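Worksheet: one structure, shown below.
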Amino acid sequence: MAGLINKIFLQPTNNSLIQLFRYCFVGSFAFIVDAGGLFVLTEYAGIYYLLSATISFILGLVVNYLLSTAWIFKKSKLSNRWTEFLIYSVIGVVGLGLNTLFLWLFTDCLHIYYMLSKIITAALVMLWNFFARKIILFK
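126 is the number of the first residue of the sequence shown in the working numbering; add one for each residue after it.
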């Protein structure tokens, strides 16, 4: 049992299922930063929810990058960390576009409460981010 826990949580791995499992943890933490920022900026700072979503998404992106490169994707296809972060961010910007589109669609068009829209949107964008980053950036 200890060997399995070690393999799933501690050992470096190229196994996509283990990486996706870990990415769910990282993504969950980044989501808490993102959704928490969205809620605080919208409800307490009075910022329009789509602008709040953009700001909080960027905060979540930085958290996601730092945790992902430390725990999930240790072997990059690139040797330059700044180039890696730039490409990681470009993938994140596409994710931000998807995030904004889906959030608007679910909230304004389907009249779903914006925080519920955020949960649905986060799941969809997480899949895009994981597979795009794994295929494009990491070995």
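Glycine included, each C-beta is placed from N, C-alpha and C at the ideal position.
No experiment lies behind these values; they were computed from the predicted model shown.
{"Asked": "Does the structure place the region 181 to 192 close enough to the region 159 to 169 that three or more beta carbon pairs sit under 8 Å?", "Found": "yes"}
{"Asked": "Are at least three pairs of beta-carbons, each pair with one atom in the region 186 to 193 and one in the region 167 to 175, less than 8 Å apart?", "Found": "no"}
{"Asked": "Alpha carbon to alpha carbon, how far is VAL165 from LEU228? Give it in angstroms, no decimals.", "Found": "17 Å"}
{"Asked": "With H, G and I counted as helix, E and B as strand and the rest as coil, what does DSSP make of SER201?", "Found": "strand"}
{"Asked": "Using CA atoms only, rank isn't needed, just tell me which of GLY185, PHE210, SER242 is closest to PHE154.", "Found": "GLY185"}
{"Asked": "Comparing alpha-carbon positions, which option in ILE133, TYR213, PHE134, LEU230 lies nearest ILE261?", "Found": "TYR213"}
{"Asked": "Buried or exposed, going by whether 16 or more other CB atoms sit within 10 Å of the CB of ILE197?", "Found": "buried"}
{"Asked": "Taking 7 Å as the threshold (C-beta atoms), are ARG147 and ILE216 in contact?", "Found": "no"}
{"Asked": "Provide the residue span of the alpha helix (DSSP H) that contains THR194, from first to last.", "Found": "Unbroken run through THR194: none, as it is neither H nor E."}
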